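What follows is one structure encoded as structure tokens, with my remarks underneath.
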Amino acid sequence: MHILQTVSVVQVVTETWKKDRMNMYENQKSRLERETAQLLFEKKKAERSGSKQSEAAARFQKEIDQRHEKISGIEFQMSQLDQLPLGTELKERDIQSVVEVKEGDRFDGRDGGTIVVKDGVIIEIRTQR
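Here you go:
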């Protein structure tokens, strides 16, 4: 019989991984900054036009504030990434694995182990047996 079992995927922090992750954060930050600038422009445009200007300006300001919060979160993640020592294992996600079980097998219901990835390559598979 085959069952699904949860397997953890961990990423080993390397210089390459840190650079890739930092680039991703910088791209997200610049996208949010562009969106903020566009929203500011739209807000000023709405304030100049007549009807329901305060309502529209408030909506734009709410969106701008949300973008600023996201930018702050990304900046925090960037600072944390900078402090992360090389060789650290970070849990990336959990995946489901198909496992064959038969009568007499030991089963304790724990997860199915860990897959260790370094720079996109599986370097180790740890089983829970």
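Quick note, the sequence shown lines up with residues 49 to 177 if you use our numbering. Even glycine gets a Cβ: it sits at the ideal position worked out from N, Cα and C. Everything numeric in this text was worked out from a predicted model, so none of it was measured.
message: Could you tell me the alpha carbon to alpha carbon distance between H50 and D113, rounded to whole angstroms?
response: Taking the sequence shown and counting its residues from 1, one reaches residue 50 at position 2. Taking the sequence shown and counting its residues from 1, one reaches residue 113 at position 65. Each residue's alpha carbon lies about 50 Å from the other.
Please identify the residue among K150, I143, T175, I171 whose C-alpha is closest to the C-alpha of V57. In the sequence shown, residue 57 corresponds to position 9, counting from 1. Per the Cα distances, I143.
- Message: I need the straight-line Cα distance from A85 to V147, nearest angstrom please.
- Response: Counting from 1 along the sequence shown, the entry for residue 85 is found at position 37. Counting from 1 along the sequence shown, the entry for residue 147 is found at position 99. CA-to-CA, the gap between A85 and V147 works out to about 51 Å.
Query raised in the report: Do you know how far the Cα of K110 is from the Cα of E95?
Result: Numbered from its first residue, the sequence shown carries residue 95 at position 47. Numbered from its first residue, the sequence shown carries residue 110 at position 62. Looking at the two C-alpha atoms, the distance is approximately 15 Å.
request  = Would you list the one or two residues that DSSP bridges to H50?
outcome  = Reading the sequence shown from its first residue, position 2 is the one you call residue 50. DSSP lists E148 as partners of H50.
task = Mind the definition here: the segment 66-81 touches the segment 124-141 only if three or more C-beta pairs lie below 8 Å; say whether that holds.
result = yes
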